[in-house]
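Take 76 as the starting number for the sequence shown in my numbering and just add one per residue. Backbone N, C-alpha and C fix where the C-beta goes; we use that ideal spot for every residue, glycine too. All of these numbers come straight from a predicted model, not from anything done at the bench.
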Amino acid sequence: MTFSTPASTRYIARPEGRIAYDLQGSGPLVVLVPGMGELRSSYRFLTPTLVAAGYAVASTDLRGHGDSDTTFSSYGDVETAGDIQALIAQLGGRAVIVGNSLAAGSAVIVAAEHPDQVDGLVLVGPFVRNPPSNAFTRAMFRTMMAAPWVAAVWKGYMPTLYAGRKPDDFQEYRTAVVASLKRRPYGKAFSLTTRQTDHDPAEAKLGSVTAPTMVIMGEEDPDFKDPAAEARFVGDALRGEVVMIADAGHYPQSQQPAVTSDAVLRFLRTVQHA
């Protein structure tokens, strides 16, 4: 389905609250989903490029993030997958999903469970399985991400996730993210997201995905001990192409927008025709 609409904040109703999204452009649908702790403006550089190329673009906030509600009782890959699937169904029935970090795992679940709704997957800095950890590391992370101080901790942690080249507007964007988390219910929702997220359901679905897939990984992504090896694992599991982005960490869509946009557009031309 194709359509044309100006950018504006819209909402889709879910059982325990609303999910915020922007919709703009005309053409085949591309749904952009950010990672945990990020805002839908994480795709602020990719979106106009896709719109100019002839695509309709829906950029969403995760539940409990940005302009989405904080009334949800559960968060994580499975819950986000349900939100993505509902949005695609509301907007026309089929889409390419671009998912960053946690949202990549969610995109895998949607593609496995609803293949008729997914034309393709672009997985950016993808978490589709739980990283190795021990009880001490998990306990420390839970303590750091407790609601009372999560905004301050995330403010300090964000620059490390943007290893490599930072976006020109990084300070402005970080200020917006931190301001969002300082709203009491949003800090609590983010803390719950860090505690409840489990990538095992995504890993269990890898073998069921038939949609064409591209994996995009920053060469300096600090979330993975060996980013290239993790990208190869995901690419092999999904029989997809792997694109490594130099001088980028966990968010190549904003750190290296030109290179990332070129890769996404090349992929889109193979699965959808604007």
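Legend entry - Run of the beta strand (DSSP E) containing arginine 249, from where it starts to where it stops: Here the question's residue 249 lines up with position 174 in the sequence shown. For arginine 249, no beta strand (DSSP E) encloses it; the enclosing alpha helix (DSSP H) starts and ends at 245-257.
Inset, instruction - Identify whether threonine 345 lies in helix, strand or coil by the three-state DSSP scheme. - result: To locate residue 345, count along the sequence shown from 1; it is residue 270. Three-state DSSP puts threonine 345 in a helix.
Inset, instruction - For serine 117, collect the residues of the same chain with a Cβ closer than 7 Å to its Cβ; drop the 5 residues on either side in sequence, then sort them by chain order. - result: As a position in the sequence shown, residue 117 is number 42, starting the count at 1. Taking C-beta separations shorter than 7 Å and ignoring five residues to either side along the sequence, the partners of serine 117 in its chain run Pro109, Asn175, Tyr326, Gln328, Ser329, following chain order.
Inset, instruction - Look at the Cβ atom of serine 181, then the Cβ atom of threonine 155, and state whether they are nearer than 8 Å. - result: Position 106 of the sequence shown, counted from the first residue, corresponds to residue 181. Position 80 of the sequence shown, counted from the first residue, corresponds to residue 155. Cβ atoms of serine 181 and threonine 155: closer than 8 Å.
Legend entry - For leucine 107, the residue or residues it bridges with in DSSP: Numbered from its first residue, the sequence shown carries residue 107 at position 32. Residue pairing by DSSP places leucine 107 opposite Ser134, Val173 in a beta bridge.
Inset, instruction - State buried or exposed for valine 178, treating a residue as buried only when at least 16 other CB atoms are found within 10 Å of its CB. - result: Locating residue 178 in the sequence shown gives position 103, where the first residue counts as 1. The sequence given here has alanine at residue 178, not valine. Buried is the call here.
Legend entry - Buried or exposed by the 16-neighbour rule on C-beta atoms within 10 Å, applied to glycine 139: Reading the sequence shown from its first residue, position 64 is the one you call residue 139. Counting the other Cβ atoms within 10 Å of the Cβ of glycine 139 gives 16 or more, which makes it buried.
Legend entry - Alpha-carbon spacing of aspartate 158 relative to leucine 196, whole angstroms: One-based indexing of the sequence shown puts residue 158 at position 83. One-based indexing of the sequence shown puts residue 196 at position 121. Their Cα atoms are separated by approximately 16 Å.
Inset, instruction - Go ahead and pull the three-state DSSP assignment for serine 208. - result: Counted from its first residue, the sequence shown places residue 208 at position 133. Coil, per DSSP.
Inset, instruction - Starting from tyrosine 281, trace the beta strand (DSSP E) both ways and give me its first and last residue. - result: On the sequence shown, position 206 is the one that residue 281 refers to. It is worth fixing the name first, because residue 281 is leucine in this sequence and not tyrosine. Taken as a continuous stretch (DSSP letters only), leucine 281 belongs to no beta strand (DSSP E), as it is neither H nor E.
Legend entry - Cut-off 8 Å between Cβ atoms - residues of its own chain near proline 297, not counting five sequence neighbours on either side: One-based indexing of the sequence shown puts residue 297 at position 222. Taken in chain order, the residues that qualify are Thr235, Leu236, Ala238, Gly324, His325.
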